[in-house]
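Engineer: One structure follows; several queries about it will come next.
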Amino acid sequence: MRISRYFTDLMATYVADIDDLKTDSGGDDVLTERLKEKRSQIPDLMPMIKTNPEMMAVIFHKSVVIKKPEIIMSYLDKEPAKFPSWDAISSSVQFQPWANDFVEKLKAETGGEQFLLTAVMLEHLYALYEVSEDAIEEMEAEESDDLAESGGEWLSEHGFDSH
45 MRISRYFTDL
55 MATYVADIDD
65 LKTDSGGDDV
75 LTERLKEKRS
85 QIPDLMPMIK
95 TNPEMMAVIF
105 HKSVVIKKPE
115 IIMSYLDKEP
125 AKFPSWDAIS
135 SSVQFQPWAN
145 DFVEKLKAET
155 GGEQFLLTAV
165 MLEHLYALYE
175 VSEDAIEEME
185 AEESDDLAES
195 GGEWLSEHGF
205 DSH
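Sequential numbering of the sequence shown, starting at 45, is according to our numbering.
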């Protein structure tokens, strides 16, 4: 699967922005509250849809359902100039109810349709990234448990108490 430079460049910032929103300085989960705050700033963020779409795209985090991932993923290797109209792909995506009015406003903005596909794609890629991160953590935990168990067995076999 080939990813365009456009999405490659935006993805790192998108992941970092979401990670920053997840927890406060004490390590408490504050994602829901911070997303609400970010969404209340939508009018102030509108100018960013062309220059820094990834910074505004986070408002849609956890608010997009991809109904036809194969259609959305077919644009992964495209640059914005090659994106289809929003109407061509809108049936592949469903937004949470709070976002529907905002999506309509964005469609009317210059660059709004490109932004919508960018936001949907970033959120879909993030979901894939999150799954792969969870899988890596799970594998590492299993390997760690296996190593600890193996080490304990070796110590026991050689007359040491591993507890």
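Beta carbons: idealized from backbone N, C-alpha and C, even for Gly. Remember, predicted model here, so these are calculated numbers, not experimental data.
Give me the DSSP bridge partner(s) of residue 67.
Structural biologist: 73
Engineer: Starting from the N-terminal side, write out each stretch of the alpha helix (DSSP H) that is 4 residues or longer and does not extend beyond the stretch 60-148.
Structural biologist: 75-84, 86-89, 92-95, 97-101, 113-117, 130-133
Engineer: Is residue 154 helix, strand or coil when you go by DSSP?
Structural biologist: coil
Engineer: Whole angstroms is fine: what's the gap from residue 93's alpha carbon to residue 50's?
Structural biologist: Their Cα atoms are separated by approximately 14 Å.
Engineer: Applying the 10 Å Cβ sphere with the 16-neighbour rule, what's the burial state of residue 72?
Structural biologist: Around the CB of residue 72, fewer than 16 other CB atoms lie within 10 Å, so the residue is classed as exposed.
Engineer: Does the count of Cβ pairs from the stretch 112-130 and the stretch 79-91 closer than 8 Å reach three?
Structural biologist: no
Engineer: Taking only three categories from DSSP, how would you classify residue 46?
Structural biologist: coil
Engineer: Looking only at its chain, what residues have a beta carbon closer than 8 Å to the beta carbon of residue 159, apart from the 5 residues adjacent to it on each side?
Structural biologist: 93, 94, 97, 100, 101, 150, 153
Engineer: Leaving out five residues before and five after residue 123 in sequence, what residues of the same chain have Cβ atoms less than 6 Å from its Cβ?
Structural biologist: 48, 50
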